[in-house]
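What follows is a short report on a single structure.
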Ligand SMILES: Cc1cc2nc3c(=O)[nH]c(=O)nc-3n(C[C@H](O)[C@H](O)[C@H](O)COP(=O)(O)OP(=O)(O)OC[C@H]3O[C@@H](n4cnc5c(N)ncnc54)[C@H](O)[C@@H]3O)c2cc1C
């Protein structure tokens, strides 16, 4: 084969399509360990697949090298993603926060269209072929996958990270990369719900509201995320928590003392919240404290908070002692979230860490360690926030690698797109 792509998820399928379009006369094969391709595409975005976002910049990602991320994203902007999906029959529509979904609201539309294009282009797909070894040989690479062995001039590792390992992305790609000379930025789960100690969250299970979350780790600038928090039976979830989770994990990985707290009245600070309570107390002195707080956050959260502080919620505002008021105000703007752990890779939407971007050329995502080796998608050390950014990374990195492959495999110039 001219090009063997290990892993047929979002990034691997997109690489196969782009490479086959750019080099119609070259042989492209995709090997995947799973029996059915695209499990993660199907489960993404609650089964609706948040394909990309209206605006994607390097600031939406974390990872080792913002400049490399920027370069990859610039090579395949969002408009190209929209055009690509239109070409294969998937119209997109925009929702809150710029998220773009297929108009059908079904992730299956996305997967079926990609698999259809892969078939139309004559890409060979080998299912149930988990690659266990990739070895460099004089003419390229020798690949072992169960009973199948093949050689290929170029290999693309598109094996994803470690999140949702039952989909087939179990981190085995890191081992393959290591055997070919690469190091690894230690992986941790990212975009993952957090498990809390204590029982504060339990009766609030199912309630979601706007918060500002902060991770404070020794030696770091505080990391803040604004968005929705969902209380659950095990702790907390929701977009703000998912976005914050990677920072908690990275702080633990670096063995830093770390605390997490929530401002339950986002956009306000202690002085402004106290001002609001004082204004209310003079305008409506008989309003009870818990009713006053229910104007700022969900009533059940307010009640639980007052219970935890042992401040009676029925106290009329005019009779609320100064100390109690200050205690409530402090709790509202800095409510501690005793994080025990995250829910781990089996509940993480992505993986932080991976193959260092410093070990690939950002113009082609070709390895600086091993000729003829390329990396795309989540296996690389770049993780996006919630909102379609991880898929945009998959499409953009696929394009960058495919065009580099076309330059390498076909030095006489690119075929018309
Ligand atoms: C529940 C959930 C919801 C998500 N929702 C969204 C969303 O709406 N929007 C968004 O942008 N992102 C979302 N993501 C993240 C997104 O799905 C991933 O970032 C993206 O799928 C990564 O693509 P990838 O191709 O790099 O890896 P993967 O999709 O993980 O694909 C890797 C493939 O490689 C195969 N493989 C692994 N090792 C081997 C091996 N040794 N040999 C052969 N094959 C191998 C696997 O079987 C798999 O098919 C979600 C993730 C999850 C888990």
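Residue numbers (my numbering): 762 to 1178.
We treat Cβ as the ideally placed atom computed from N, Cα and C, and that holds for glycine.
Every value quoted in this text rests on a predicted model; they were computed, and no experiment measured them.
Cβ pair residue 1103, residue 974 closer than 8 Å: Here the question's residue 1103 lines up with position 342 in the chain shown. Here the question's residue 974 lines up with position 213 in the chain shown. Taking the C-beta atoms as reference points, residue 974 is found no nearer than 8 Å to residue 1103.
Can you find a heavy atom of ligand 1 that lies under 7 Å from the Cβ of residue 1151? Position 390 of the chain shown, counting from 1, holds the residue named residue 1151. The nearest non-hydrogen atom of ligand 1 is less than 7 Å from the C-beta of residue 1151.
When you compare each of 941, 972, 828 and 993 to residue 957 by their alpha carbons, which one comes out closest? The residue you call residue 957 lines up with position 196 of the chain shown. For residue 957, the nearest C-alpha among the options comes from 993.
Can you list, in chain order, the stretches of the alpha helix (DSSP H) that have 4 or more residues and sit fully within the stretch 906-990? Complete alpha helix (DSSP H) runs here, min 4: 933-940.
Within the same chain, show all residues whose beta-carbon is closer than 7 Å to that of residue 929, passing over the 5 residues directly before and after it, in chain order. By one-based count along the chain shown, residue 929 stands at place 168. Closer than 7 Å at the Cβ level, and outside the excluded window around residue 929, lie 793, 794, 795 and 800.
Jot down the residue ranges of each uninterrupted alpha helix (DSSP H) in the stretch 988-1038, minimum 4 residues, whole runs only, in chain order. For the stretch 988-1038, the continuous alpha helix (DSSP H) assignments of 4+ residues that do not extend past its boundaries occur at 1000-1014, in sequence order.
Can you tell me whether DSSP reads residue 1177 as helix, strand or coil? As a working note, residue 1177 is residue 416 in the chain shown. Confidence at residue 1177 is low in this model, with a pLDDT of 43, below 50, so the placement of that residue should be treated as unreliable; the coordinate-derived value is given next. Looking at residue 1177 - three-state DSSP - the assignment turns out to be coil, as it is neither helix nor strand.
Residue(s) in a DSSP beta bridge with residue 853: Taking the chain shown and counting its residues from 1, the one referred to as residue 853 is at position 92. For residue 853, the beta-bridge partners assigned by DSSP are 863.
Reference residue 1124; option with closest CA among 836, 1170 and 859: Mapped onto the chain shown, residue 1124 falls at position 363. Closest option to residue 1124, judged by alpha-carbon separation, among 836, 1170 and 859: 836.
Counterpart residues of residue 1135 in DSSP-defined beta bridges: One-based indexing of the chain shown puts residue 1135 at position 374. DSSP output for residue 1135 lists 917 and 1127 as bridge partner(s).
So, do the stretch 896-916 and the stretch 811-818 have three or more beta carbon pairs nearer to each other than 8 Å? Short answer: they don't touch.
Could you check if residue 1184 is buried or exposed, using at least 16 other CB atoms within 10 Å of its CB as the buried criterion? Given that the chain is displayed from residue 762 to residue 1178, the structure contains no residue 1184 and the question cannot be resolved.
Once DSSP output is grouped into helix, strand and coil, what is the label at residue 898? Within the chain shown, numbered from 1, the residue matching residue 898 stands at position 137. DSSP places residue 898 in strand when its eight states are reduced to three.
Give a yes or no on whether the minimum CB-CB distance between residue 1014 and chain C is below 8 Å. Among the protein chains of the structure shown there is no chain C, as only one such chain exists.
Would you call the CB atoms of residue 961 and residue 1065 closer than 8 Å? The residue you call residue 961 lines up with position 200 of the chain shown. The residue you call residue 1065 lines up with position 304 of the chain shown. Yes; because the gap between Cβ atoms is below 8 Å, this pair is in contact.
Residue burial classification, residue 1069 (beta-carbon count within 10 angstroms, cutoff 16): Your numbering for residue 1069 matches position 308 in the chain shown. By the 10 Å Cβ count, residue 1069 comes out exposed.
First through last residue of the beta strand (DSSP E) which encompasses residue 1158: Here residue 1158 refers to the residue found at position 397 when the chain shown is read from its first residue. DSSP places residue 1158 outside any beta strand (DSSP E); the residue lies instead in the alpha helix (DSSP H), whose first and last residues are 1150-1170.
Which of helix, strand or coil does DSSP assign to residue 903? Position 142 of the chain shown, counted from the start, is the residue given in the question as residue 903. Strand.
Just mark residue 944 as buried or exposed, buried being the case when its beta carbon has 16 or more other beta carbons within 10 Å. For this step, residue 944 is matched to residue 183 along the chain shown. Counting the other CB atoms within 10 Å of its CB gives residue 944 a total below 16, which places it among the exposed residues.
Just reading off the alpha helix (DSSP H) that residue 1065 is part of, what are its end residues? Numbered from its first residue, the chain shown carries residue 1065 at position 304. Note, residue 1065: alpha helix (DSSP H), 1060-1070.
Look at residue 951 and residue 818 and say whether their C-beta atoms are less than 8 Å apart. In the chain shown, counting from the first residue as 1, residue 951 sits at position 190. In the chain shown, counting from the first residue as 1, residue 818 sits at position 57. Their beta carbons are not under 8 Å apart, which means residue 951 does not touch residue 818 by this criterion.
Quick test of your reading: residue 876 and residue 862, contact by CB under 8 Å. State the CB separation rounded to the nearest angstrom. For the purposes of this step, residue 876 is taken as residue 115 along the chain shown, with counting starting at 1. For the purposes of this step, residue 862 is taken as residue 101 along the chain shown, with counting starting at 1. Contact flag wrong, Cβ pair sits at about 19 Å.
Residue 1161 versus residue 1000 - alpha carbon distance: Indexing the chain shown from 1 puts residue 1161 at position 400. Indexing the chain shown from 1 puts residue 1000 at position 239. The straight-line gap from Cα to Cα measures roughly 29 Å.
For residue 788, which three-state DSSP category applies? On the chain shown, residue 788 is found 27 positions in, with the first residue counted as 1. Here residue 788 sits in coil by DSSP.
Determine the contact status of residue 846 and residue 1143, defining contact as a CB-CB distance below 8 Å. Within the chain shown, residue 846 is the residue found at index 85, counting from 1. Within the chain shown, residue 1143 is the residue found at index 382, counting from 1. No.
What does the alpha-carbon distance come out to for the pair residue 932 and residue 947? Here residue 932 refers to the residue found at position 171 of the chain shown. Here residue 947 refers to the residue found at position 186 of the chain shown. Taking the straight line joining both Cα atoms gives about 11 Å.
Just to check, is the beta-carbon of residue 1142 closer than 7 Å to a non-hydrogen atom of ligand 1? Counting from 1 along the chain shown, the entry for residue 1142 is found at position 381. No, the beta carbon of residue 1142 sits no closer than 7 Å to any heavy atom of ligand 1.
Delimiting residues of the alpha helix (DSSP H) encompassing residue 773: Locating residue 773 in the chain shown gives position 12, counting from the first residue. Segment 771-783, the alpha helix (DSSP H) holding residue 773.
Assigned exposure category for residue 1080 - 16 Cβ within 10 Å defines buried: Along the chain shown, one-based indexing puts residue 1080 at 319. Looking at its Cβ environment, which holds fewer than 16 other Cβ atoms inside 10 Å, residue 1080 is exposed.
Which partner residues does residue 887 have in the DSSP bridge list? Position 126 of the chain shown holds residue 887. Bridge pairing for residue 887: 792 [DSSP].
Compute the Euclidean distance between the alpha carbons of residue 1178 and residue 942, then round it to the nearest angstrom. Position 417 of the chain shown, counted from the first residue, corresponds to residue 1178. Position 181 of the chain shown, counted from the first residue, corresponds to residue 942. In this prediction, residue 1178 has a pLDDT of 44, which is less than 50 and means its spatial position is unreliable; nothing more can be read from the coordinates.
Drop a sphere of 10 angstroms on the beta-carbon of residue 938, count the other beta-carbons inside from all chains shown, and report buried for 16 or more, exposed for fewer. Residue mapping note: residue 938 aligns to position 177 of the chain shown, counting from 1. Label assigned to residue 938: buried.
Residue(s) in a DSSP beta bridge with residue 1122: For the purposes of this step, residue 1122 is taken as the residue at position 361 of the chain shown. 1127.
Kindly confirm or deny that the stretch 1088-1097 and the stretch 1016-1033 touch, where touching means at least three C-beta pairs closer than 8 Å. Per the Cβ contact rule, the stretch 1088-1097 is in contact with the stretch 1016-1033 (3 or more Cβ pairs under 8 Å).
Straight-line CA distance for residue 842 to residue 1063? For the purposes of this step, residue 842 is taken as residue 81 along the chain shown, with counting starting at 1. For the purposes of this step, residue 1063 is taken as residue 302 along the chain shown, with counting starting at 1. Distance between the alpha carbons of residue 842 and residue 1063 is about 44 Å.
Taking the alpha carbon of residue 1107 as the reference point, which residue from 859, 1153 and 922 has its own alpha carbon closest? Here residue 1107 corresponds to residue number 346 of the chain shown, with the count starting at 1. Relative to residue 1107, the option among 859, 1153 and 922 whose CA is nearest is 922.
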